[in-house]
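The opening residue of the sequence shown carries number 15 in the numbering used here; numbering runs sequentially from there.
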Amino acid sequence: MCFLYIAKHSNYFHLLYLFRISSIVSQPLFGIWTDKYNNKKIVVISQIINIVALILFIPLFHTFFLYIVILGVILNLTDGAISLIINANIKHISQEDMERFVSLRQTYNSGISFLAPIIGGILIAFMSIESLAILNILTETVSVIFIFYLKMDRVIIVEETKLLENFKEGFTYLLNDKVLLKFMSIALILNFLVNSIIVGVPVISVQTMALSSQQFGIIESALTVGMFVISLLFSVFPIKNKLKGPTQAAVLMQFIAVLILGIALLFNVTATIGFITLFSVYLIIGLSLPLVNIPYSIYMQNFIKEEFKGRILSLNQSIVQSLMPLSFLIFGLLLNYAQASIYIAIALLILMTLIYFSISIKKTDINS
Numbered sequence: 015m016c017f018l019y020i021a022k023h024s025n026y027f028h029l030l031y032l033f034r035i036s037s038i039v040s041q042p043l044f045g046i047w048t049d050k051y052n053n054k055k056i057v058v059i060s061q062i063i064n065i066v067a068l069i070l071f072i073p074l075f076h077t078f079f080l081y082i083v084i085l086g087v088i089l090n091l092t093d094g095a096i097s098l099i100i101n102a103n104i105k106h107i108s109q110e111d112m113e114r115f116v117s118l119r120q121t122y123n124s125g126i127s128f129l130a131p132i133i134g135g136i137l138i139a140f141m142s143i144e145s146l147a148i149l150n151i152l153t154e155t156v157s158v159i160f161i162f163y164l165k166m167d168r169v170i171i172v173e174e175t176k177l178l179e180n181f182k183e184g185f186t187y188l189l190n191d192k193v194l195l196k197f198m199s200i201a202l203i204l205n206f207l208v209n210s211i212i213v214g215v216p217v218i219s220v221q222t223m224a225l226s227s228q229q230f231g232i233i234e235s236a237l238t239v240g241m242f243v244i245s246l247l248f249s250v251f252p253i254k255n256k257l258k259g260p261t262q263a264a265v266l267m268q269f270i271a272v273l274i275l276g277i278a279l280l281f282n283v284t285a286t287i288g289f290i291t292l293f294s295v296y297l298i299i300g301l302s303l304p305l306v307n308i309p310y311s312i313y314m315q316n317f318i319k320e321e322f323k324g325r326i327l328s329l330n331q332s333i334v335q336s337l338m339p340l341s342f343l344i345f346g347l348l349l350n351y352a353q354a355s356i357y358i359a360i361a362l363l364i365l366m367t368l369i370y371f372s373i374s375i376k377k378t379d380i381n382s
């Protein structure tokens, strides 16, 4: 709600960076709490905090406008904690059908990422901000009821240690698990490199290929459609223990997509060819992302020890969120010069990552 309101009022758009920073800083702390304390209680308390914060928003909005920023930070933090705890408990919530559950969750996330801005834009255009707050209060209250039916019974046995020592334990566990460290490093590198597409394509479509806003909208939809299709496919036909093959196929697809974009930029293509090229690139990237994310998620669920799962998942999320603005900054600067050469170089880096992954990680290392 508050994110939509701030986005609508562009003067306050820079405050969205505050939400990202709060997520990056808080995730390691939430990871420690997830491994130390009763997970269901943390989720219920987080939901109650959300409800109280939203109730306070209604009388305070007109007299204390900055409360919308405070509310945004609160909701961002509590939602981050809840998401992390649900992620750490996936194996217990889904029980013996974890692979299908991970795929369904990816399908849900893909659908929400596409529909949420549309629905949110419609709601904020026709409803007052106070009415949206009341709607959120109702949905948050209903979610508390559903939480009691979730199976979050991880066995958490840890000694009472200081906060920093808890973090060090998780970091040491990651460093000692060489396969996990390799898999995580490869996933983070790919995430960083693929962000070059997200940064560059909007500029290329408008400035280089002179496409219309309608054409660019269709191109952007291809990414979500690709993600949704593969996620839905895996929810019907779970990949089970076949983790290395889909990952290799995904990285190969990303290499091909970025290489196609780099080669296309070497020539003065027509608007029609440019549209087809960018649509194909986004569709291939969209198809590839679940092929990486789902095996990666399944691997972490199966192979991270329960007593470290919260800390490792939170550390992974913090690094991903930290790399995103960094990648936007770096590629935003680099893509002002020699776009074709840069994308061809990125494609070669992705190919090198694929070769390293294929050689260094054996099927027996990541298959459950």
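From the three backbone atoms N, C-alpha and C, an ideal C-beta is built for every residue, glycine too.
Treat the numbers as computed from the prediction; the structure is a model and nothing was measured.
(message) Tell me which residue opens and which closes the alpha helix (DSSP H) that Ile358 is part of.
(response) 353-374
(request) Quick one: give me the first and last residue of the alpha helix (DSSP H) that Asp111 is part of. (result) From DSSP, Asp111 is part of no alpha helix (DSSP H); its letter is neither H nor E.
(request) Kindly indicate which three-state DSSP category His76 falls into: helix, strand or coil? (result) coil
(message) As an exercise, report each continuous alpha helix (DSSP H) stretch of at least 4 residues that is fully enclosed by the stretch 279-331, in chain order.
(response) 285-317
(request) Can you say whether Pro73 is buried or exposed, counting buried as having 16 or more other CB atoms within 10 angstroms of its CB? (result) exposed
(message) Let me confirm a value: Gly259 is counted as buried when at least 16 other C-beta atoms fall within 10 Å, else exposed. Which label applies?
(response) exposed
(message) For Leu91, which residues in the same chain have their Cβ closer than 7 Å to its Cβ, ignoring the five residues on either side in sequence?
(response) Ser36, Ser40
(request) For Phe115, collect the residues of the same chain with a Cβ closer than 8 Å to its Cβ; drop the 5 residues on either side in sequence, then sort them by chain order. (result) Ile104, Ile107, Ser108
(request) Quick one: which unbroken alpha helix (DSSP H) runs of 4-plus residues sit fully inside the stretch 197-280? Chain order, please. (result) 227-250, 258-278
(message) Once DSSP output is grouped into helix, strand and coil, what is the label at Lys165?
(response) coil
(message) What residue range does the alpha helix (DSSP H) around Ser97 cover?
(response) 81-102
(request) State buried or exposed for Ser24, treating a residue as buried only when at least 16 other CB atoms are found within 10 Å of its CB. (result) Confidence at Ser24 is low in this model, with a pLDDT of 44, below 50, so the placement of that residue should be treated as unreliable; the coordinate-derived value is given next. Classification of Ser24: exposed, given that the 10 Å Cβ count is below 16.
(request) Quick one: residues in its chain with C-beta nearer than 6 Å to the C-beta of Ile287, no 5 flanking neighbours on either side, listed in chain order? (result) none
(message) Can you list, in chain order, the residues of its chain with a C-beta nearer than 6 Å to that of Ser302? Leave out the 5 residues immediately preceding and following it.
(response) Ala264, Met267, Gln268
(message) Can you list, in chain order, the residues of its chain with a C-beta nearer than 7 Å to that of Ile151? Leave out the 5 residues immediately preceding and following it.
(response) Ile65, Leu68, Ile69
(request) Classify Lys176 as helix, strand or coil using the three-state DSSP reduction. (result) coil
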